[in-house]
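Trainee: Chains as they are written, first to last, in our numbering: chain A, 1 to 474; chain B, 475 to 1046. Cβ atoms here follow ideal geometry from the backbone N, Cα and C, with glycine treated the same way. All of these numbers come straight from a predicted model, not from anything done at the bench.
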Amino acid sequence: MKKVIYLIIYSLGFLLSCSNHRIEPDFEQIEVPRIFPDYTNVVFPPNIAPPNFAVEEKADLYYVEIGLRDEKPEIQIKSKNPEIIIPTRKWKNLLAKAKGNDIYFTVYIKKDDKWTKFAPIKNSISDEEIDSHLVYRLIYPGYSLWKQMGIYQRDITSYRQTAVIENKTVGLGCVNCHNFANNSPETMLLHIRGEQGGTVIVRDGKSTKVDMKVEDITSRGTYPAWHPSGNFIAFSINEIGQFFHVSGQKPIEVVDRVSDLAIYDCENDEILMDSKISGKDFLETFPNWSPDGKELYFCRADSLRNVYALDSIYYDLYKIGFNPDTKEFGDTVCVLKVSDKNKSISFPRVSPDGNYLMFVVSDYGNFSIWHPESDLYLLNLSTNEVRRMDEVNSNDVESYHTWSSSGKWFVFSSKRMDGLWARPYFAYFDSETGMASKPFVLPQKDPYFYDKFTKTFNIPELITEPIKNTRVFK
Amino acid sequence: MKLANLKLYPVIYYLAFILFIVLLTGLFNGGLSHIIYRHEQYTPVFRFSSIYFSEFLAFPAGLLDYVSAFVIQFFYYPLLGAIILSLLIALVFILNVKILHKISGNYDKFLLSALPALFLLMQYSSIDFPISVVVGIIINQLLFLLFSYIPDYLKNYLFLILFIILFYIIGVSSFLFLFYFTVYSLQNKKIILPLTGVAIFGILIFISAYFYRVPLNQVLTAGLSKNSTESILLLLLFLPSVLSVYFLSNYFPKKKITTAVVLILLGTIYILAGFWGVVKKFTFSDRLYYHFSNAVDENRWNDILMRASKLKKDDELIAYFTNLALFHTGVMKDKLFDYPQNYGSSSLFLFSPANKIEYLDLAWYGLGFYNYATQWAFESMVRFGETAPALIKLAKYNMLNKKPLVAQKYMNVLDETLFYASHIDEIKHIINDDSFTSGRSLDSLDFNLFINNMGVHEQLLLMSNYEPENKMAFEYLMSYYLLNRQIKSFGDNLWRIKAFPLDKLSGIYEQALVIYETLYPEEFEQLDWNISDNTRKMYAQYSELLDNKNYRDLKRLFGKTYWYYAHFTNFL
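(1) Can you pull out the residues from the stretch 167 to 179 of chain A whose beta carbon lies closer than 8 Å to at least one beta carbon of chain B?
(2) Taking the alpha-carbon positions, what's the A:Leu277 to A:Glu71 distance?
(3) Are any of the Cβ atoms in chain B nearer than 8 Å to that of A:Asp451?
(4) Does B:Lys481 come out as helix, strand or coil in the three-state DSSP assignment?
(5) Between the alpha carbons of B:Arg959 and B:Leu810, how many angstroms are there, rounded?
(6) Can you tell me whether B:Val485 is buried or exposed, with buried defined as 16 or more other CB within 10 angstroms of its CB?
(7) Looking at the secondary structure, which residues open and close the alpha helix (DSSP H) in which B:Gln882 lies?
(8) Since I believe B:Phe893 is in contact with A:Lys168 (beta carbons under 8 Å), could you give me their beta-carbon distance rounded to a whole number of angstroms?
(9) Identify whether A:Phe27 lies in helix, strand or coil by the three-state DSSP scheme.
(10) Taking buried to mean at least 16 other C-beta atoms within 10 Å of its own C-beta, is B:Ser1017 buried or exposed?
(11) One question on the structure: do A:Lys99 and A:Ile75 come within less than 8 Å of each other, judged by their Cβ atoms?
(12) Could you tell me if B:Val672 is buried or exposed, where buried requires 16 or more neighbouring beta carbons within 10 angstroms of its beta carbon?
(13) Locate the beta strand (DSSP E) running through A:His401, then write down its first and last residues.
(14) Tell me, which residues are paired with A:Ser414 by DSSP?
(15) I think A:Val202 touches A:Ile192, with their Cβ atoms under 8 Å apart; what is that distance to the nearest whole Å?
(16) What's the gap between the Cα of A:Lys341 and the Cα of A:Ile313?
(17) Among all the DSSP beta bridges, which residues are the ones paired with A:Thr116?
(18) Is A:Asp446 close to chain B, meaning its C-beta is less than 8 Å from at least one C-beta of that chain?
(19) Can you pull the chain B residues whose beta carbon is under 9 Å from the beta carbon of A:Leu442, in chain order?
(20) Can you give me the Cβ contacts of B:Ala895 inside the same chain, cut-off strictly under 7 Å, excluding the 5 residues immediately before and after it?
(21) Using 8 Å as the cut-off, can you tell me whether the stretch 112 to 127 of chain A makes contact with the stretch 20 to 32 of chain A, which would need three or more C-beta pairs spanning the two stretches below that distance?
(22) Along the stretch 799 to 819 of chain B, what residues have a CB closer than 8 Å to any CB found in chain A?
(23) Following the continuous beta strand (DSSP E) through A:Leu376, name the residue where it begins and the one where it ends.
(24) Quick one: using the 10 Å Cβ neighbour count with 16 as the cut-off for buried, is B:Lys807 buried or exposed?
(25) For the stretch 891 to 907 of chain B, list every residue whose C-beta sits within 8 Å of some C-beta in chain A, in sequence order.
(26) Check distances from the C-beta atoms of the stretch 679 to 699 of chain B to those of chain A and list, in chain order, the residues that come in under 9 Å.
(27) Straight-line CA distance for A:Thr475 to A:Val386?
(28) Can you pull out the residues from the stretch 248 to 260 of chain A whose beta carbon lies closer than 9 Å to at least one beta carbon of chain B?
(29) May I have a chain-ordered list of the beta strand (DSSP E) segments no shorter than 3 residues that lie completely inside the stretch 660 to 733 of chain B?
(30) Strictly under 8 Å for the Cβ-Cβ distance: is A:Asp38 near chain B by that measure?
(31) Tell me whether B:Lys481 is buried or exposed, calling it buried when 16 or more other Cβ atoms sit within 10 Å of its Cβ.
(32) Provide the residue span of the alpha helix (DSSP H) that contains B:Lys809, from first to last.
(33) From the DSSP output, which residues share a beta bridge with A:Asp316?
(34) Name the residue from A:His227, A:Ser229, A:Tyr223 whose alpha carbon lies nearest to the alpha carbon of A:Ile237.
(35) Please list the residues of the stretch 99 to 121 of chain A that have a C-beta atom closer than 8 Å to any C-beta atom in chain B, keeping them in chain order.
(36) Is A:Val246 close to chain B? Criterion is C-beta to C-beta, closer than 8 Å.
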């Protein structure tokens, strides 16, 4: 009997020793530790997957406490490796409690048998949920060739990624430019290039393949924008050229030799064109509708015949009225002129409440993803105030962006980690102040994922629910 | 144990197995060493990482490709690669013998189990046959061998489960497992389960196509040769060994002497058949490219020149390698016309990107156009996947192009491999290597200069203007003029040679100057260079032979001069 009691006590002692006791530090650092990815001072949505991170401090042992501000830790993780993998269930529980509050990540490291405690990393949990899925294309950030590519949807409340379409199913053709009406997968489209090419349009779960081609231009529809009604698709037709820089940090310049806008009428299967948004005098591209569907924003530059150098192509922000009932166009209006400042605008996106317009500014051209100086800007449509969004920009590329359905979040592509691969970053947007929070990169199960993954995240689009029937794209 | 007590047939099989390995290792380390090189160089690197593993779950028979990539990583050491591939092929033979013996209790006395192995040997004499085929067969055989040890009453229950799992791992090549099971079932006079297996096999193919969302033909070829006839033939070649075990062995001679004679005869036939197969599939050009590209990889430039001098055929890629070697050995200006230049200036660069994209970066890299070199290395990675050469080049070029963070990503990938991690240190220090000076001054260039908007001539002029000391740019520029017979441009640009101290001009340059002097005497007067008496004498002799139409002597005596090239070369 003694033996049994001894064994039980011994085993319990062993089990307790394995559980995470709080650490009494030998030293305390007044600074926060370096962690990767940078999840410090950010605002997380209350439905985000655990933001696993790696502590970038050398140590023999790591211990991390995560909890609500001023409260005992809800999550304790001890690890011999610097990678801190947060248990999903505990994280979800914490998020449920932490809505609208701050949380902390307190990191301890053990070196030479001494524990050092770092100052807690502060993050906040928003009240506002983010749309549950992110759709992006994964592709090598290359030039003219491609082999493997696909459009994927990632459940951002977990790490689950599934293929929407992979080009192996369409004869290795190029698949691109997925676009959704009102962040809904019920009304969406994507382009397939190659022998089995066409634009696959899904409306109310039914798909059709159309050839978005207009007369006199060899290219097909490129950048699309769904009308809020789901009945029209504005799209650009771009004939592009690629030019490789002899030297310097920019490897390539992509130029539209010809670029016009048109509108596809889904109900009547016809393409509407107007000389106000097409023709030889200007290059028009990047259409985007106002939430009421009565105005179409786009970028416009002088045609190449008036330009002598590729670094002298500047796009300004324009809009044109559109009557969905009569299908008539109004007048074009210059909303924001930056060409006189030797700057260029791309990717205008109006917020769902119609109060703001986010866009990208670069030094010239429209292919901002290859321009390290590209930054996000915000135009207040009520006051016409424009500001550079310094709270989200970095020293490298900030480019393609999408609002969430609520307008409380947005996602954008940034190459801030290394200058070549774009990753999706999220930021909370306060529509009252027009200010955004510090952005954070899409969490991955492996904290070092972005250090090793060699494909780029292209065209991040937030959607409210997953695309259920992906077979329509086959 | 006494020798007389040893069972004859197992000894024969193991001897044959060892002989197989020894002969094949010799072959794959010798005349077929390019096969090992090709797989090692063109297979994306195997990475010890979950991201890498998860990529293989996205397509049919992906796990088979994963295992194959694991095997191929050992091809890094050519001898080890040769041993592994030989072992795999030989295993197909010995495992088939063992399985059939386990099922039937009989031996394959006619050694017909060697047929699939011989067929594989034949296929692996060509660079295109995927390693996954033999790996798939071995997985089938090993699993069935293990399966055969399971008690009979459990076999029927486990068969379908194992078969479905196997199908998930290796795709349609799991048909071999079904084949063995059918043989086993027929022995026990059962047919229902094998038929069910066939039906399930068909259903699994459709499910797989649906699940992975790929066309049916992609499921049917996953993990197998792209040529379906080859795959079917390979499976059919397992049949004779079954016939041998059940029927033919009864007719095998019983006397020891006769047995020995028949076995020696069979062994000879199989060796000859194997040799015939290798010869039939062997492609000389693959072997040739291997020699050249391997020498380029290892900077054995003299080897390239030596091989090029013996070559009797015209080949643009080899002409391109030869010109690179001429520069790197410092003899371009002396021996440019010692080698066939039937492609003119095209062979200074490669202009058929579709064919040999993986080598396009080399000239741009040497010249110091790191952006363009990076682009071509990247395109090569897109086409062939994350292969070791592409990753190493991309890391190197990005370091030289002052993009250490981008370079680091490629190094991170290399760091996850077993053998290529050792290259990282070398890459990290490349920026401090003084020998890489080309292209350094380009940073100050107007960024609106686009390399693909320029002709080769403009590109070489640009580099020569910005970096007068860039020797490759100078020698390529002059070679470009000579190969294009632009004698005026050659003479007009000869002043650039001042950046490279010389006592006298090379023979070729003097030969070109003779023509320049004849055509542009006034301009020639302005040059600082004289033509030696010897060259003038040679030209007089050349002219005399030309006037007399003595073409044979002209070629014999002057076939390696610029004059002969200028007069007689017809571009391909």
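Mentor: Based on what the coordinates show:
(1) So the list reads Lys168, Thr169, given in the order they occur along the chain.
(2) Numbered from its first residue, the first sequence carries residue 277 of chain A at position 277. Numbered from its first residue, the first sequence carries residue 71 of chain A at position 71. Note that residue 277 of chain A corresponds to Ile in the displayed sequence, not to Leu. Taking the Cα positions, A:Ile277 is about 58 Å away from A:Glu71.
(3) For the purposes of this step, residue 451 of chain A is taken as the residue at position 451 of the first sequence. At least one chain B Cβ lies under 8 Å of A:Asp451.
(4) The residue labelled residue 481 of chain B in the question sits at position 7 within the second sequence. For B:Lys481, the secondary structure class from DSSP, reduced to helix, strand or coil, is coil.
(5) Numbered from 1 along the second sequence, position 485 holds the residue referred to as residue 959 of chain B. Numbered from 1 along the second sequence, position 336 holds the residue referred to as residue 810 of chain B. Cα to Cα, the separation comes out at about 13 Å.
(6) By 1-based counting over the second sequence, the position of residue 485 of chain B is 11. The residue in question, B:Val485, is exposed, as its Cβ has fewer than 16 Cβ neighbours within 10 Å.
(7) Translated into the one-based positions of the second sequence, residue 882 of chain B becomes position 408. Where B:Gln882 is concerned, the enclosing alpha helix (DSSP H) stretches over 878 to 889.
(8) The residue given as residue 168 of chain A occupies position 168 in the first sequence. The residue given as residue 893 of chain B occupies position 419 in the second sequence. That belief does not hold up - the Cβ atoms of A:Lys168 and B:Phe893 are roughly 29 Å apart, past 8 Å.
(9) One-based indexing of the first sequence puts residue 27 of chain A at position 27. Note: A:Phe27 maps to strand in three-state DSSP.
(10) The residue you call residue 1017 of chain B lines up with position 543 of the second sequence. Exposed, because fewer than 16 other Cβ atoms sit within 10 Å of the Cβ of B:Ser1017.
(11) Reading the first sequence from its first residue, position 99 is the one you call residue 99 of chain A. Reading the first sequence from its first residue, position 75 is the one you call residue 75 of chain A. For A:Lys99 and A:Ile75, no; Cβs fall outside 8 Å.
(12) As a position in the second sequence, residue 672 of chain B is number 198, starting the count at 1. Residue environment for B:Val672: exposed (fewer than 16 other C-beta atoms within 10 angstroms of its C-beta).
(13) Residue numbering aside, residue 401 of chain A sits at position 401 when the first sequence is read from its first letter. Its beta strand (DSSP E) spans residues 398 to 403.
(14) Here residue 414 of chain A refers to the residue found at position 414 of the first sequence. Its beta-bridge partners are A:Glu398, A:Arg423.
(15) For the purposes of this step, residue 202 of chain A is identified with residue 202 of the first sequence, where counting begins at 1. For the purposes of this step, residue 192 of chain A is identified with residue 192 of the first sequence, where counting begins at 1. About 13 Å; that fails the 8 Å criterion.
(16) To locate residue 341 of chain A, count along the first sequence from 1; it is residue 341. To locate residue 313 of chain A, count along the first sequence from 1; it is residue 313. Whole-angstrom Cα-Cα distance: 12 Å.
(17) The sequence position of residue 116 of chain A within the first sequence is 116, counting from 1. In DSSP, A:Thr116 forms a bridge with A:Phe27, A:Ile109.
(18) One-based indexing of the first sequence puts residue 446 of chain A at position 446. At a cut-off of 8 Å between beta-carbon atoms, A:Asp446 makes contact with chain B.
(19) Position 442 of the first sequence, counting from 1, holds the residue named residue 442 of chain A. Neighbours of A:Leu442 in chain B, taken as residues at a C-beta separation under 9 Å, are lacking, since the least C-beta distance is about 14 Å.
(20) Within the second sequence, numbered from 1, the residue matching residue 895 of chain B stands at position 421. Cβ-Cβ distances below 7 Å link B:Ala895 to Leu888, Asp889 in the same chain, with the five nearest sequence neighbours on each side left out; the list follows chain order.
(21) Verdict: yes, contact present.
(22) Those would be none; no residue qualifies.
(23) Sequence index remark: in the first sequence, residue 376 of chain A carries index 376 (1-based). For A:Leu376, the enclosing beta strand (DSSP E) covers residues 375 to 380.
(24) Locating residue 807 of chain B in the second sequence gives position 333, where the first residue counts as 1. It counts as buried.
(25) Cβ contacts with chain A: none found.
(26) Going along the stretch 679 to 699 of chain B in chain order, one finds Tyr684, Tyr686, Arg687, Val688, Pro689, Gln692 with a Cβ nearer than 9 Å to chain A.
(27) Residue 475 of chain A is absent from the structure shown; chain A starts at 1 and stops at 474.
(28) If the cut-off is 9 Å between Cβ atoms, the stretch 248 to 260 of chain A has Gly248, Gln249, Lys250, Pro251, Ile252, Glu253 near chain B.
(29) Counting only runs of 3 or more residues that sit fully inside the stretch 660 to 733 of chain B, no beta strand (DSSP E) segment turns up.
(30) Position 38 of the first sequence, counted from the start, is the residue given in the question as residue 38 of chain A. No, A:Asp38 does not count as interfacial toward chain B.
(31) One-based indexing of the second sequence puts residue 481 of chain B at position 7. Exposed, by the Cβ-count rule.
(32) By 1-based counting over the second sequence, the position of residue 809 of chain B is 335. DSSP places B:Lys809 in the uninterrupted alpha helix (DSSP H) bounded by 806 to 809.
(33) One-based indexing of the first sequence puts residue 316 of chain A at position 316. DSSP, once it has assigned bridges, lists A:Arg300 as partnering A:Asp316.
(34) Here residue 237 of chain A corresponds to residue number 237 of the first sequence, with the count starting at 1. Looking at the Cα atoms, A:Tyr223 is the closest of the given residues.
(35) Within the stretch 99 to 121 of chain A, no residue has its Cβ closer than 8 Å to any Cβ of chain B.
(36) As a first step, residue 246 of chain A must be located in the first sequence, where it is residue number 246. Taking Cβ atoms only, chain B reaches closer than 8 Å to A:Val246, which makes this a yes.
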